[in-house]
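Residue numbers (the numbering used here): 60 to 213.
Worksheet: the structure to be examined is printed underneath.
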C-alpha cells in the first residue's frame, strides 16, 4: 500500500512538472510570436526585408539570451557552491568577476555583429527603431505580468 502511494505521488509530481514545463514553453512561444508581430509592425518590414531579417535576428538573440542565462545561472551556482558570497576567497571572487566580464564582452560582441548584419538588410533608422521596439515590448510584457500577478493576489 505504501509503495502504491509513493508510486501515485511520484506519477503526480512527474505529470505536474511536465505540465508546468509544457505551459512555460507555450508561454515562451506565445511571447515570441507577439514580439515578432510587434517588431515587424514597428519596423514596417517589407516581405523581402522580413525574410532576411528574422533568421539573423533570431540567431543572434538566441545566442545573446543563452549567454545571459549562462551568466546568471553560472554566477549563482558558483556562489552557492562556495557556500555564499561571504565564503568566496578573493581568488574565487576575482575568477567570477573575470568570467562575468568575459561573458558580458561576448554579449556585446554579438550585439555588434547583429547590428552589422542587420545593416546589410535594413536602414540605420530601422535599427534604431528596432532597439526602441525591443525596449517598449519588454516594458509592455513586464507591465502585463505585473498586472496579472496583482489580479492573482486579489
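No residue lacks a Cβ here, since even glycine has one placed at the ideal position from N, Cα and C.
Nearest to residue i (by Cα), restricted to the options the options
i: residue 108; options: 148, 186, 213, 140; result: 186
i: residue 158; options: 122, 143, 166, 130; result: 130
i: residue 90; options: 203, 210, 208, 212; result: 203
i: residue 110; options: 180, 195, 137, 184; result: 180
i: residue 190; options: 150, 209, 138, 99; result: 99
i: residue 95; options: 120, 149, 174; result: 120
i: residue 169; options: 101, 126, 137; result: 126
i: residue 112; options: 195, 177, 85; result: 177
i: residue 93; options: 142, 192, 144; result: 192
CA-to-CA distance, residue j to residue i, given in whole angstroms
i: residue 87; j: residue 106; result: 25 Å
i: residue 122; j: residue 115; result: 11 Å
i: residue 155; j: residue 211; result: 38 Å
i: residue 174; j: residue 117; result: 13 Å
i: residue 188; j: residue 200; result: 18 Å
i: residue 144; j: residue 151; result: 10 Å
i: residue 139; j: residue 97; result: 39 Å
i: residue 102; j: residue 208; result: 31 Å
i: residue 195; j: residue 137; result: 33 Å
i: residue 205; j: residue 153; result: 36 Å
i: residue 124; j: residue 213; result: 33 Å
i: residue 84; j: residue 171; result: 29 Å
i: residue 141; j: residue 147; result: 6 Å
Complete alpha helix (DSSP H) runs within the segment 97 to 154 (minimum length 4 residues, chain order): Whole alpha helix (DSSP H) segments, 4+ residues: 106 to 141.
contact_flag[the segment 123 to 142, the segment 160 to 170] where n(CB pairs < 8 Å) is 3 or more: The segment 123 to 142, when compared against the segment 160 to 170, does touch it at the 8 Å Cβ threshold.
Whole beta strand (DSSP E) elements within the segment 168 to 211, 3-residue minimum: Those beta strand (DSSP E) runs which fall completely within the segment 168 to 211 and span 3+ residues do not exist here.
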